[in-house]
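Residue 100 in the UniProt record's numbering sits at position 100 of the sequence shown, with consecutive numbering throughout. Ideal Cβ positions, reconstructed from N, Cα and C, are used throughout, including at glycine. Every value quoted in this text rests on a predicted model; they were computed, and no experiment measured them. The structure appears right after this line, and notes come after that.
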Amino acid sequence: AEALTNRRFSPLSPPFASVSQSSKPSSTTTLNPSHVAKALAGTSVFTVSNTNNEFVLISDPTGDKSIGLLCFRQEDAEAFLAQARLRRRELKTNAKVVPINLDQVYLLKVEGISFRFLPDPIQIKNALELKSSSASKNGFDGVPVFQSELLVVRKKNKRYCPVYFSKEDLERELSKYTRASRGEQQIMVGSLEDVLRKMEVTIIILCLKRS
1 AEALTNRRFS PLSPPFASVS QSSKPSSTTT LNPSHVAKAL AGTSVFTVSN
51 TNNEFVLISD PTGDKSIGLL CFRQEDAEAF LAQARLRRRE LKTNAKVVPI
101 NLDQVYLLKV EGISFRFLPD PIQIKNALEL KSSSASKNGF DGVPVFQSEL
151 LVVRKKNKRY CPVYFSKEDL ERELSKYTRA SRGEQQIMVG SLEDVLRKME
201 VTIIILCLKR S
């Protein structure tokens with residue numbers, strides 16, 4: 001079932017702008033939500049809201065609480081909107097797909113609002129291919145992110161670690177700076193959720209990138 005929350009947010013403008021999105025490297029301090037959020041600025045996902053910019057929520061599998069659905073592909077958010085309009089008459093003209101920055105999402109989560117990410121299925125496939133065959137049998141848990149030690153920059157005793165939401169974007173970046181073949185690119189896969197947990201408990205330098 002779908003519901004509305006009175007928690008408002010600021011959608012990006014213009015919506016659906018097709019531009020390269022990357023955040024500047026920023027340092028985080030232990031358990032400081034605002035510093036963690038800064039590393040997420042400039043990276044957007046898509047959600048469904050009403051005309052008052054209030055989230056359209058869905059029930060979790062247990063039905064105990066409502067959660068916001070955040071899609072990494074616009075077409076997935078459009079599919080959710082179509083489904084919501086079929087179930088709730090008032091959403092037929094009063095709901096829309098909007099982009100929202102991940103830093104806003106993170107700060108709302110800190111305030112206690114629950115969200116569920118819907119990753120790009122192509123990147124899930126890429127992540128499973130990089131994982132061992134035994135790990136792939138259980139699927140991939142979370143939003144996949146990709147990185148390579150070949151792109152780590154060291155400056156003033158700090159490590160700047162670029163993290164990509166797309167394996168293809170990482171490969172393109174590697175091709176600019178290295179001559180390594182695909183088998184030598186040392187691409188590692190992890191999850192956005194794990195990255196955020198590490199940022200909350202330790203001091204790291206992170207740069208999230210998404211095309």
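Using the beta-carbon count (16 or more within 10 Å), is residue i buried or exposed?
i: MET199; result: buried
i: TYR164; result: buried
i: GLN186; result: exposed
i: SER175; result: exposed
i: TYR106; result: buried
i: ASN157; result: exposed
i: LEU86; result: exposed
i: VAL48; result: buried
Whole angstroms are fine: how far does the CA of residue j sit from the CA of residue i?
i: ALA82; j: ASN94; result: 12 Å
i: ARG159; j: ALA39; result: 14 Å
i: PHE140; j: ILE124; result: 7 Å
i: PRO162; j: VAL36; result: 15 Å
i: ASP76; j: ASP194; result: 23 Å
i: PHE146; j: ALA127; result: 8 Å
i: PRO99; j: LEU170; result: 23 Å
i: VAL56; j: ALA79; result: 13 Å
i: ARG73; j: PHE46; result: 7 Å
i: LEU91; j: LYS131; result: 41 Å
i: GLN104; j: GLU129; result: 31 Å
i: ASN50; j: ALA84; result: 11 Å
Would you mind stating whether residue i and residue j have Cβ atoms separated by less than 8 Å?
i: GLU173; j: LEU151; result: yes
i: LEU70; j: LEU118; result: yes
i: SER114; j: ILE58; result: no
i: PRO121; j: VAL189; result: no
So does residue i have its beta carbon nearer than 7 Å to some heavy atom of the ligand GTP?
i: ASP194; result: Judged by which ligands are present, the structure shown has none, so any question about the ligand GTP falls away.
What is the DSSP secondary structure of residue i, reduced to helix, strand or coil?
i: ARG85; result: helix
i: ARG73; result: coil
i: SER27; result: Below a pLDDT of 50, predicted positions are generally treated as unreliable, and SER27, at 40, falls in that range; no measurement from the model is reported.
i: SER175; result: helix
i: LYS38; result: helix
i: ILE113; result: coil
i: PHE55; result: strand
i: LYS156; result: coil
i: PHE46; result: strand
i: VAL195; result: helix
i: PHE146; result: strand
i: PRO119; result: coil
i: ASN101; result: strand
i: LYS131; result: coil
i: LYS125; result: helix
i: GLU200; result: helix
i: LYS65; result: coil
For chain C, is any of its Cβ atoms less than 8 Å away from the one on residue i?
i: VAL152; result: Looking for chain C here will not work: only one protein chain is present.
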